[in-house]
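Worksheet: the structure to be examined is printed underneath.
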Amino acid sequence: MGAQRKGASRVSDDHEELARVSLQAVLLADSFTTKFRPITLERPKVLLPLVNVPMINYTLSWLESAGVEEVFVFCCANSKQVIDYLENSEWVSLPDFAVRTIESHNSISAGDALRLIYERNVIHGDFVLITGDTISNMSLTQALQEHKERKKKDSNAVMTMVVKRSKPSPITHQSRLGTDELFMAIDHNTKQLVYYEDKVDYAKGIIHLDKSLIMDNSSISLHNDMQDCYIDICSPEVLSLFTDNFDYQHLRRHFVKGLLLDDIMGYKIYTYEICSSYAARIDNYRSYDTVSKDIIQRWTYPLVPDVKFFGNSTYKLERQGMYRASEILQARSAQVGPFTVIGDNSKIGDNTKITNSIIGHGCSIGSNVKIEGSYIWDNVTIEDGCKLSHAIVCDGVVIKSGAELEPGVILSFKVVVGDQFTVPSYSKVSLFEQPTNQDSDEELEYADNSSGIVEFADTTDKSNSALMSKSLEMQGWPASELGKGGLGYVWSICEGSVEEEWRHSVAPIPADKLEKVLHKAPDDEVELTQDANVLPPSGELKSDSYISDGDDNESSRDDSIHFEKEVEATFLRAVHENIEVANVILEVNSLRLSFNKVASDCAGAIFYSLMNFALDSSRGSSGELLKNTTSIITKWKKLLKYYLTDLDEEIEVILKFEEICLESAKEFTPHFTKILWHLYDQEIIQEEAILKWDAEKKEADDSDKLFVKQAEKFIEVRNLLFYIFCFVFQIE
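In full-length UniProt numbering, the protein residues as written are 1 to 732.
Quick look at the structure:
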């Protein structure tokens, strides 16, 4: 696989030599955190299903497609499970893609892992450093080329970090992935990273920058709208730096910050920003939810359910983002809503409703069950009359008749919820007792002897499961804790962690929580200071901007698309579950706060959702499309009108309609005038807004007047009526 490698610590400057060295990767199969407990007590995070596929398969599939030829998978927690899985998978049989495992029982951090890899002397050139919970479809070609070109000119350029725009919520100060707002300072000209801070005290509203940061860099930009993708292109020196500095444990908190503060050695880190590609790391339950939705909505293409790649089954993509496996049994009266995945050999009973959820393989779902926004893994049994809302249910769980899971619940493997029992919001339930001493995020996901629990064997072992159940019975577990016939320990929420639970949950952040955070937020914008000098609020340290206007627009557009998708999912759920308009407004308002949007954005997104639904539900003639559209607009006009408080917002809806006709749904083009008239007739849009829209188009190019010309007669009539009204009003 390529030319014979040499054990040199630095990559050769010779271009032909670079070309002969095969590209390697180091994949950390342990995140060295406890955020996915109690689930990760029994199964390593990289083997948890993400849209019914183990997470690590997404990472390996991307590495293989990106041209990596050799991957070293570093295993710590539950290492035997990871090694056994890989050895029995298709990954071992690929001719030009070698997957090798390195096992350690002593490493407690990413730093320890990289020090051990350095000792093994297996890396012989530039390599990709990534965690096994990262999903991407980006091309590495340009990023690798830039890294190598920089290294030729400056041997101290040891790392290139992949970043992506992601505007955080101004209220919660976290990204859509549930991660804390990140501050980066990047040199405008060179793309060098000069400042990195992920632990900001928002209560003070201040960031302190050293004077030398400005003195040593002619032009830098400070960003709070960057997402760290945790994909790094590294030179071999990175490994030796970890070996030379045993206090380097965390990749970002210690290594990156350490290099940025080190004035002696002069090592440098650079950034590579992706715009149209996808990259995200699953850091907590909220990012698990977000990335799952992104996969279903095809942002990660070709890593999507209906495209065959390693480790996934074949699904058929149907209308409104529904994916079905071939072998499922669904009752005629059962309803499967949009953005839902149903795994093979699963059964769905009478009058059951499933929306915005993922159902695993071999699940048995009874009658009159309601499942919304939830993740049901493999071989789960849900009996009649149950309700599940925004929950994660692991393999082998049994939920007995009439039980309810409130938003944010986590049920670990083989838990049993008793009849008619309601599991409260954000509860975590496991067959294992909660450790008396919680490990910090710097430690392994499995516990050592100091944590109060032992390392557990593979949960697929049936004898181990039987022993575990017997152990619970011997301890006299009270049946009332999880209802009659229930089985499992409900973990308590640690003091000071209540807010973290709803911030990082798979459940949407409740509107009341957002309002409380909003009231706590400081009145002023974040003040950026370096010593006693105040920087401009924009974060610019010079008039030059690191990101061009075009990139700003790209970021804003991506953000708007995500917002529209979330609103559309909310609307479709309302349609299929007959949710009242008042409750839909509450959900949209919550999204509005999370995405920092205004009323006109909400109106545009709702109108887009109405038109998309009309198009998807119309299979006949053009006339049927028009009839269906006017009917849907009439039914949901109260929802749309709620966000149309002035003329400008009404004009935004007309402009949105133009955009839909020109780009996403040209089927509406011949009906533009009739639908516009219907919006007017239903008193959704006033004639003054239509006339103002017409007036604004007077100076536009002919290509931008297509729909104004189409509606010319309608506008003339409205103009005449408007002038008559004004004349009569003046006489009176």
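Backbone N, C-alpha and C fix where the C-beta goes; we use that ideal spot for every residue, glycine too.
Query	Result
Bounding residues of the alpha helix (DSSP H) (the contiguous stretch that carries Cys602)	599-616
8 Å Cβ cutoff met for Arg150 and Ala157	yes
Pairwise C-alpha distance: Gly321 and Ile365	21 Å
Cross-strand partners of Ile274 (DSSP beta bridge)	Lys164
Secondary structure, beta strand (DSSP E): runs of 3+ residues fully inside the region 369-432	370-372, 387-389, 428-430
Under 8 Å between C-beta atoms of Thr570 and Val588	yes
Where Lys45 sits in the DSSP three-state scheme	helix
In DSSP terms, what residue 740 is bridged to	Coverage of the chain is limited to positions 1 through 732, which leaves residue 740 absent and any answer about it impossible.
Assigned secondary structure, Tyr301 (DSSP; H/G/I helix, E/B strand, else coil)	coil
The region 83-101 contacting the region 227-244, beta-carbon criterion three pairs below 8 Å	no
Continuous alpha helix (DSSP H) assignments of at least 4 residues falling wholly in the region 83-139	110-120
As assigned by DSSP and simplified to three states, the class of Ile348	strand
Reduced DSSP secondary structure (H/G/I, E/B, other) of Ile295	helix
Nearest residue (CA-CA) to Lys316, options Asn189, Thr340, Thr290	Thr340
Leu329 burial status per 10 Å Cβ neighbour count (16 or more: buried)	exposed
Best match in Val423, Pro424, Val429 for proximity to Val415 [C-alpha to C-alpha]	Val429
Local Cβ density within 10 Å of Phe246, reported as buried at 16 or more and exposed below that	exposed
Closest by C-alpha distance to Phe36, when choosing among Trp491, Leu586, Leu706	Trp491
Cα-Cα separation between Glu90 and Leu615, rounded to whole angstroms	41 Å
Nearest to residue 770 (by Cα), restricted to the options Leu662, Thr355, Glu406	Residue numbering for the chain in the displayed model covers 1 to 732; residue 770 lies beyond these limits and cannot be assessed.
Residue burial classification, Ile685 (beta-carbon count within 10 angstroms, cutoff 16)	buried
Cβ pair count under 8 Å reaching 3, the region 396-410 against the region 504-512	yes
As assigned by DSSP and simplified to three states, the class of Ser364	strand
Where Ser333 falls, given that 16 or more other Cβ within 10 Å makes a residue buried	exposed
Of the listed residues Leu86, Val73, Ser155, nearest to Ile123 (C-alpha basis)	Val73
Nearest-angstrom Cβ-Cβ length linking Thr160 and Tyr270, presumed shorter than 8 Å	5 Å
Which listed residue (Ile399, Pro435, Gln434, Leu431) has its alpha carbon closest to that of Val423	Ile399
Where Glu712 sits in the DSSP three-state scheme	helix
Backbone CA spacing between Gly111 and Tyr118 [nearest angstrom]	11 Å
Own chain partners of Gly488 with C-beta closer than 7 Å, once the 5 adjacent residues on each side are dropped	Val415, Val416, Val429, Ser430, Leu431, Leu482
Residue 746, DSSP secondary structure in three states	The requested residue 746 is not part of the displayed model; the chain covers only 1 to 732.
Neighbourhood of Val369 by C-beta, 6 Å cutoff - its chain only, sequence neighbours within 5 removed	Thr352, Ile382, Cys386
Cross-strand partners of Phe72 (DSSP beta bridge)	Val26, Arg100
Limits of the beta strand (DSSP E) - the one that Met265 falls within	From DSSP, Met265 is part of no beta strand (DSSP E); its letter is neither H nor E.
Candidates Ile358, Gln297, Ser367: closest to Ile348 by CA position	Ser367
For Trp491, the residue or residues it bridges with in DSSP	Lys428
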